[in-house]
Structure formats: C-alpha cells, structure tokens
Ligand code: AMP
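Structure follows, in structure tokens:
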C-alpha cells in the first residue's frame, strides 16, 4: 500500500476509534426501580408524607440507575452538575405524584430527586441531560401499570402473603419483561414486597431483559403490605 493508502487507513481507524468512544455511554444498562410505599413506610418507621399530601397507594419511582454487566455501578460521576429544580419545573407536579418522597422531615421531594440525580443521573450524562433524565424516567413509569397488572392477577396490597413466583409470572406476563424483586421486613419481621427492578437500554427509553440476573432478595412467600 502506498503512502496515501496508509494515511487513509490510519485516518479511518482513528475515526472509528473516535466514534466508538463517542457512542460508548460509559455503562451497560439501567435499572429502573419502582417502590411500594407501604413497604418503605413499614421499615423506615418514621416515613413522612410529602408536603403535597399522602401519595396514592401505587408504585412510585425510586430511580433510574446506570449499571455495569458485572453487577457494579458508577455513582456520583459529576460533582459539577448540581440538581437544578429550574431545569425540570415543567415536570415537578408529575414527579410529586409519580416519584414521591417519603423521607422525614416532610418535604417537597427536591432532596430525594437531588440525591437520585447526583448519585445516579450524573453517571448517564453521556446520553441525557438532567431534564431528559427525569422525563425519560417518568415515561418509563407510565409504560408499566404494575399495580393493575398485579391486581388483575389477584395480587393485592392487603397484608396477605403471596408466592414470589406468582408475582414474577404476573409481571412477566403483563409487561413482557422479567423483573427482579427486593423485599424488606416489616416490624414483625415479615418479608414484604418492597422494590421491583426492570432493566432498560442505555438510551433510557426501552425495556430490555436484564443482561445479568441478580437473585431476588425475597423468600418464596412474601407479604404485600397495605398503604
Ligand atoms: P440510592 O442511594 O439511590 O440507592 O437510594 C437509597 C436512598 O434513597 C436511601 O437513603 C433511602 O432512604 C432513600 N429513599 C428511598 N426511597 C425514598 C423515598 N421514597 N423518599 C425519600 N428517600 C428515599
């Protein structure tokens, strides 16, 4: 190959390297995590309703978390990118209903959203800015009507015990995707349905089957607490 050929080849290789770097989001997938408020309040005995009032008895968002295929995850990736309520002012009223804070003292939710943005959101800045991060997360929540799916399968938040496998099957049938379920314990030490994890592609918009299957952190029978 002549000198010109080599030059062109090197240019192409450099370009390829450059574009693949640009396309690499820096993580492998997202966990999209929904939370049952009745279980959060049972464990954090002193849960507090937001200043906007008691949230609906429905699954709320916990967060959208960039993750690696080896099970680890990046966190607090950009200390310079502060949570800015002004950037998401058009989303705040929807966030109050779908991403409700339950921590004490009672507050308007900004503290929780700030924590989620700073710890997780800043690690997805290669694919979305702050507004898009919250907008995409809300849109994902709209795509899974988890409570309806469970209730259609006869699984209700009534303090009764249900089979983990029945819960997983109902969610898989209703959404098309296999969830990962986390439990916590109520004051009587009963395991209860706490959080449901779905996997989402690196664009933050499409559900995918999880590239890694972490074990469910629940026993085979668990309680679905009232809220
Ligand atoms: P993370 O650091 O994203 O894994 O989230 C864990 C933190 O979020 C803990 O400090 C929790 O107490 C807090 N947290 C989880 N759910 C809520 C909620 N609904 N409202 C306020 N804080 C929450």
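Numbering (mature numbering (1 follows the signal peptide of the UniProt record, and there is no 0)), first residue to last: -19 to -1, 1 to 208.
Even for Gly, the Cβ is constructed at its ideal location relative to N, Cα and C.
Legend entry - Start and end residues, alpha helix (DSSP H) containing residue 143: One-based indexing of the chain shown puts residue 143 at position 162. In the DSSP assignment, residue 143 falls outside any alpha helix (DSSP H) and within the unbroken beta strand (DSSP E) covering 142 to 144.
Inset, instruction - Measure the CB-CB distance between residue 98 and residue 64 and report whether it falls below 8 Å. - result: Here residue 98 is taken as the residue at index 117 of the chain shown, counted from 1. Here residue 64 is taken as the residue at index 83 of the chain shown, counted from 1. Cβ distance < 8 Å, so residue 98 and residue 64 count as in contact.
Legend entry - Heavy atom of the ligand AMP within 7 Å of residue 49 beta-carbon: Locating residue 49 in the chain shown gives position 68, where the first residue counts as 1. Checking every heavy atom of the ligand AMP against the Cβ of residue 49, none is found closer than 7 Å.
Inset, instruction - Return the CA-CA distance between residue 101 and residue 11, expressed in angstroms with no decimal places. - result: Numbered from its first residue, the chain shown carries residue 101 at position 120. Numbered from its first residue, the chain shown carries residue 11 at position 30. Going by the C-alpha atoms only, they are around 10 Å apart.
Inset, instruction - Thinking residue 143 and residue 205 are a contact (beta carbons under 8 Å), I'd like their distance in whole angstroms, please. - result: One-based indexing of the chain shown puts residue 143 at position 162. One-based indexing of the chain shown puts residue 205 at position 224. Their Cβ separation, rounded to whole angstroms, is 6 Å, which keeps residue 143 and residue 205 in contact under 8 Å.
Inset, instruction - Determine which residues share a DSSP beta bridge with residue 41 and list them. - result: Working through the chain shown from its first residue, we reach residue 41 at position 60. For residue 41, which the question treats as bridged, DSSP gives the partners 16.
Legend entry - Beta-carbon contacts of residue 133 that lie in its chain and below 8 Å, excluding the five residues immediately before and after: Start at 1 with the first residue of the chain shown, and residue 133 comes out as number 152. Once the five neighbours on either side are set aside, the close Cβ partners of residue 133 are 151 and 155.
Inset, instruction - Could you name the residues that DSSP lists as bridge partners for residue 80? - result: Against the chain shown, residue 80 aligns to sequence position 99. Per DSSP, none; premise fails for residue 80.
Inset, instruction - Decide yes or no for the touch test of the segment 22 to 39 against the segment 77 to 88: beta carbon pairs closer than 8 Å, at least 3 of them. - result: Contact holds: three or more Cβ-Cβ distances are below 8 Å.
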